[in-house]
Amino acid sequence: MKIKVDYVAQLKDAAGCSNESIQVTDGTTVQDLVRTIAKAHGGRLAELLLEETGALRGSALLFVGDDQVEWDEACPLRDGVTITLMSPLAGG
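To convert, note that position 24 of the sequence shown is 23 in numbering that gives the first Met the number 0; the numbers rise steadily by one, no gaps.
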């Protein structure tokens, strides 16, 4: 299956791109995909996405299509779906 991943805000800078397409196998969950992305990119992107436990950081937002997904919700992926990863900016 082909999945499009969009990166927003700090995650875009850390990934070095605004989006990419990733091939995954049937049965892959969004959690599997995020861990794969963190491992593939490593460095700053991995730090912004995942806690040391492997869970999504509380500061990161995860969308499958237009729906926000909580990390503890099992969410199998569908071919052609767009995943959006964003890290809200703070400041004033």
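All C-beta atoms, glycine included, are put in the ideal place defined by N, C-alpha and C.
All figures in this text were calculated on a predicted structure; none of them were measured in a lab.
For residue i versus residue j, is the C-beta spacing smaller than 7 Å?
i, j, result
"His40", "Ala59", "no"
"Ala8", "Ser86", "yes"
"Leu76", "Val68", "no"
"Met0", "Val29", "no"
"Tyr6", "Ser20", "no"
Since residue i and residue j should fall inside the 8 Å C-beta cutoff, what is the C-beta to C-beta distance between them, to a whole number of angstroms?
i, j, result
"Leu44", "Leu10", "7 Å"
When every heavy atom of the ligand HEM is checked, does at least one fall within less than 6 Å of the C-beta of residue i?
i, result
"Glu50", "With respect to the ligand HEM, the structure offers nothing, as it holds no ligand at all."
Quiz item: For the segment 23-85, which segments carrying the beta strand (DSSP E) assignment without a break, of at least 3 residues, lie completely within its bounds, in sequence order?
Solution: 60-63
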